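The structure under discussion appears below in the form of structure tokens.
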Amino acid sequence: MDEMEELRASRARVLEAADAERRRTERGLHDGVQQHLVALAVNLQLARQLADSDPEALNGLLDELTRDVHEALESVRALARQIYPPLLLDRGLAEALRSFAAEAGARADVATSDRVPPDVEAAVYFCCVELLRPGATIRVWAEEDALVFEASGEPTPAVADRVGALGGSLKVEAGRTTGRVPLAP
Amino acid sequence: MTLRVLVADDQAPFRKAVRSLLAASAGFELVGEATSGEQAVTLAEALHPDLVLMDIKMDGLGGIAAARTIASTQAGTATILVSTYREDELPAEARTCGAAGYLHKAELGAPAITRLLRGKG
Chain A
139 MDEMEELRAS RARVLEAADA ERRRTERGLH DGVQQHLVAL AVNLQLARQL
189 ADSDPEALNG LLDELTRDVH EALESVRALA RQIYPPLLLD RGLAEALRSF
239 AAEAGARADV ATSDRVPPDV EAAVYFCCVE LLRPGATIRV WAEEDALVFE
289 ASGEPTPAVA DRVGALGGSL KVEAGRTTGR VPLAP
Chain B
2 MTLRVLVADD QAPFRKAVRS LLAASAGFEL VGEATSGEQA VTLAEALHPD
52 LVLMDIKMDG LGGIAAARTI ASTQAGTATI LVSTYREDEL PAEARTCGAA
102 GYLHKAELGA PAITRLLRGK G
């Protein structure tokens, strides 16, 4: 495949990935927070009925409504984290990646806590998320002009596209992928 | 007279809310719960409910197709379609599938169901 063809294919994959992400987000909203809000709305209708007919039962229902609100909030939090982790935005790559790895039953060995441009942090974070498997370890370190990550396994097209979009490079050796994302284009 | 109701929705929080709502509403009895359009058709044939509260968006046989089947085979069963769509966003088939009407899920309550059935009756 020549360079132009590869560029076209990469652009098509990027668009496809963006659409897939939108569909996942729509599904997440529909199956998550929207369902909790619908249940809340129905239960509020019920609460109105009980306020007149059975105030004692209303107390139990209010407890349930409180739990529904917390579940709705948790759905929003989970979806927001999936779209763009607040930890990555607020605290940077090291904390966000360690947190993700811990929840995924893996390990993130991040040897830098310096903040770098947001697009570089995001690229390295989402590449690591894509590559990280339960029980595995991912390493990230800073070089003078780049952030580097290393994980076992082959890179997916999404990883190649993200690294490529920022002018970075990938190397696969002995079943390990090393990605290098420059701090400036 | 008690209205015997079947609810069909693949979302557990909504089914649970309907369960609580109907249990506390005089004149309603929940007789069955389906989690797909196919199951709704099967249960409607077996239970002969007076009313099916049918979610539109379910995997497999969706709510509209299930409502159409029930309308053509169960003369004594009315179907009310429910979803979180606004009424003007509904697919055209929602109006022609034989359902008695449409309710936004957030507006579901005993008075709304009664009003809709009375209006269509």
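If you're matching them up, the sequences are chains A and B in order. Just so you know, we're using the working numbering here: the first sequence kicks off at 139 and counts up by one. Just so you know, we're using the working numbering here: the second sequence kicks off at 2 and counts up by one. Each residue gets a CB set at the ideal place from its N, CA and C atoms; glycine is no exception. For clarity, every value in this text was computed on a predicted model and none was experimentally measured.
- Cα atoms of G198 of chain A and D299 of chain A: separation of roughly 52 Å, rounded to the nearest angstrom.
- CA-to-CA, the gap between E212 of chain A and P255 of chain A works out to about 29 Å.
- At least one CB of chain B lies nearer than 8 Å to the CB of A195 of chain A.
- With its beta carbon at least 8 Å from every one in chain B, H208 of chain A lies outside the interface.
- Here the alpha carbon of L225 of chain A sits roughly 40 Å from the alpha carbon of L22 of chain B.
- In this structure, G317 of chain A lies near V286 of chain A, with their beta-carbon atoms less than 8 Å apart.
- In the structure shown, V254 of chain A falls within a coil segment according to DSSP collapsed to helix, strand and coil.
- Looking from the CA of I81 of chain B, the closest CA among B:E46, B:G110, B:T43 and B:S26 belongs to B:G110.
- Against A107 of chain B, the close residues of chain A are V176 and A179, in the order they occur along the chain (beta-carbon pairs closer than 7 Å).
- Closer than 8 Å to the CB of L200 of chain A there is not a single CB belonging to chain B.
- DSSP places Y103 of chain B within a strand segment (E or B) once states are collapsed to three.
- The three-state secondary structure of D206 of chain A, taken from DSSP, is helix.
- F15, K17, A18, V19, S21, L22, A25 and S26: these are the residues of the region 15 to 40 of chain B whose beta carbon lies less than 8 Å from some beta carbon of chain A, given in chain order.
- The Cβ atoms of L54 of chain B and V83 of chain B lie closer than 8 Å to each other.
- For the set A:Q187, A:V152 and A:A274, the Cα lying nearest the Cα of T294 of chain A is the one of A:V152.
- Taking C-beta atoms under 8 Å as the contact rule, R219 of chain A and A244 of chain A fail to qualify, at a distance of about 16 Å.
- Following the DSSP letters along the chain, one finds T163 of chain A inside the alpha helix (DSSP H) bounded by residues E141 to D169.
- By the beta-carbon neighbour count (other beta carbons within 10 angstroms, threshold 16), P92 of chain B is exposed.
- Among the residues facing chain B, L184 of chain A is included, as its CB has a counterpart in that chain under 8 Å away.
- If you draw a straight line from the Cα of L4 of chain B to the Cα of R165 of chain A, it comes to about 34 Å.
- At least one CB of chain B lies nearer than 8 Å to the CB of L188 of chain A.
- A distance of 8 Å or more separates the beta carbons of H208 of chain A and P14 of chain B.
- Where I71 of chain B is concerned, the enclosing alpha helix (DSSP H) starts and stops at G64 to T74.
- Chain-order list of chain A residues neighbouring Q75 of chain B: empty, with the shortest C-beta distance near 25 Å, by a criterion of under 7 Å.
- Counting along the chain, G317 of chain A sits inside the beta strand (DSSP E) bounded by residues R314 to P320.
- When secondary structure is reduced to three states using DSSP, K58 of chain B falls in the coil class, being assigned neither helix nor strand.
- Taking each of B:E46, B:E30 and B:D10 in turn and checking the Cα distance to S37 of chain B, the smallest one comes out for B:D10.
- For the region 215 to 230 of chain A, the set of residues with a beta-carbon nearer than 7 Å to any beta-carbon of chain B is empty.
- In the structure shown, the three-state DSSP call for S21 of chain B is helix.
- Contact check between the region 189 to 204 of chain A and the region 41 to 58 of chain B: fewer than three CB pairs, one atom from each, fall below 8 Å, which does not count as touching.
- Put simply, the region 174 to 191 of chain A touches the region 101 to 115 of chain B. At least three CB pairs are less than 8 Å apart.
- Just measuring C-alpha positions, the residue of A:R160, A:D247 and A:G273 sitting nearest L231 of chain A is A:D247.
- Nearest C-alpha to A47 of chain B among B:A35, B:D56 and B:I57: B:A35.
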